[in-house]
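Trainee: The structure is given below, and queries will be raised subsequently.
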Amino acid sequence: MTNDPEQLRTTLVAYLRALRATGRQWVRLPPDWSKGLSPISPPCREAAPLPRPVAPLPPPHSDPPREPIPPPAPVSPALPESSADREERLDRLAALRKEAIGCRRCPHLASFRSQVVFGVGNPNARLFFAGEAPGAEEDRLGEPFVGPAGKLLTRMIEAMGLQREDVYIANILKCRPDLPEGAPGNRKPTPEEMETCLPYLREQIGIIRPEVIVALGATALEGLTGLRKGISALRGSFLDFQGIPLLPTFHPSYLLHKPDLRLKRQVWEDLLLVMERLHLPISQRQRSFFLTKAQP
Ligand code: SF4
60 MTNDPEQLRT
70 TLVAYLRALR
80 ATGRQWVRLP
90 PDWSKGLSPI
100 SPPCREAAPL
110 PRPVAPLPPP
120 HSDPPREPIP
130 PPAPVSPALP
140 ESSADREERL
150 DRLAALRKEA
160 IGCRRCPHLA
170 SFRSQVVFGV
180 GNPNARLFFA
190 GEAPGAEEDR
200 LGEPFVGPAG
210 KLLTRMIEAM
220 GLQREDVYIA
230 NILKCRPDLP
240 EGAPGNRKPT
250 PEEMETCLPY
260 LREQIGIIRP
270 EVIVALGATA
280 LEGLTGLRKG
290 ISALRGSFLD
300 FQGIPLLPTF
310 HPSYLLHKPD
320 LRLKRQVWED
330 LLLVMERLHL
340 PISQRQRSFF
350 LTKAQP
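Those letters in the sequence shown? Residues 60 to 355, by this note's numbering.
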């Protein structure tokens, strides 16, 4: 330890400055603190005031001040429009539904179906889900995606912060594909059946004019784009359907048959892309759905 008074003073001032930086305003000295001071030291009546810092020191580890974050602007799941436009869409959809209900272009399907499953949802929807064909439950109830896969689709829509009523849902085929009597399950539509029925779906999309289409499964993708590649090869990127961004992803029924968390995460990442494209708010929690458990 040095006895040089100037060096001792410098050390003491640095020490007191360090204390002040931590918020300390004073220090306690022992009663005999001046004992043994050298006579050559200047008389020291009280501790010299510490030099005032030019600018107040920030508290330790504090973050720089931030601009207040404005709340996100409300995002409507439906297209803004006049009521006249909405009425016109409703009228056009009703006319198209009426035509489809009487359709017998596929005689074998017309005689097999219980009813035509036209489509359901918001005529102003910004988001359009296109599926394959009605199953037994849809054929019975007249609404697309109401069976187990439909319930999963509804949960997916709700996880996006939307309601089923906010979007529009329709299939490539409006009639249930026929099966031999007593055969269980469903069958994939033939290319001829898809080609015959596709004008209805194309017109639905033309009336609603959504901002994004999600093609659920390879059949919907093939019907809308003609592409016969698997969903695994094409999911995760937007394609184009008549100027509208189209995102292919796995059909909910595929998720039900193959309950793999990584698969769920892939579908969810596709839906996050859709949410970003529609400028829907996305929370940190939503971004991490299926993430932790899906990691190896
Ligand atoms: S599948 Fe489509 S085109 Fe064929 S009969 Fe049904 S509504 Fe008509």
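Just so it is clear, CB atoms sit at the ideal spot from N, CA and C, and this is done for glycine as well.
(1) Around the Cβ of residue 279, are there at least 16 other Cβ atoms within 10 angstroms (buried) or fewer (exposed)?
(2) Report the partner residues of residue 271 according to the DSSP bridge assignment.
(3) Do residue 309 and residue 326 have their CB atoms nearer than 8 angstroms?
(4) Please determine, among 263, 259, 234, 183, the residue with the shortest C-alpha to C-alpha distance to residue 249.
(5) When every heavy atom of ligand 1 is checked, does at least one fall within less than 7 angstroms of the C-beta of residue 283?
(6) Could you tell me the alpha carbon to alpha carbon distance between residue 289 and residue 229, rounded to whole angstroms?
(7) Can you have a look at residue 277 and say buried or exposed, based on whether 16 or more other CB atoms are within 10 angstroms of its CB?
(8) Does the region 254 to 272 come close enough to the region 149 to 165 that 3 or more CB-CB pairs lie under 8 angstroms?
(9) How would you label residue 13, buried or exposed, when you count the other beta carbons within 10 angstroms and need 16 or more for buried?
(10) Applying the criterion that 16 or more other CB atoms from any shown protein chain within 10 Å of the CB defines a buried residue, is residue 312 buried or exposed?
(11) Considering only the alpha carbon of each residue, which of 307, 185, 272, 204 lies closest to residue 221?
(12) Whole angstroms are fine: how far does the CA of residue 197 sit from the CA of residue 208?
(13) Please report whether the beta-carbon of residue 157 lies at a distance below 8 angstroms from any beta-carbon of chain B.
(14) With a threshold of 6 angstroms on Cβ separation, who are the neighbours of residue 159 within its own chain once the five nearest residues in sequence on each side are excluded?
(15) For residue 209, which of helix, strand or coil comes out of DSSP?
Mentor: Reading off the structure:
(1) buried
(2) 186
(3) yes
(4) 234
(5) no
(6) 21 angstroms
(7) buried
(8) yes
(9) The requested residue 13 does not occur in the structure, where the chain is confined to residues 60 to 355.
(10) buried
(11) 185
(12) 11 angstroms
(13) No chain B is part of this structure, which consists of one protein chain only.
(14) The residues 175, 177, 233, 259, in chain order, have a CB closer than 6 angstroms to that of residue 159 in the same chain once the five nearest residues on each side in sequence are set aside.
(15) helix
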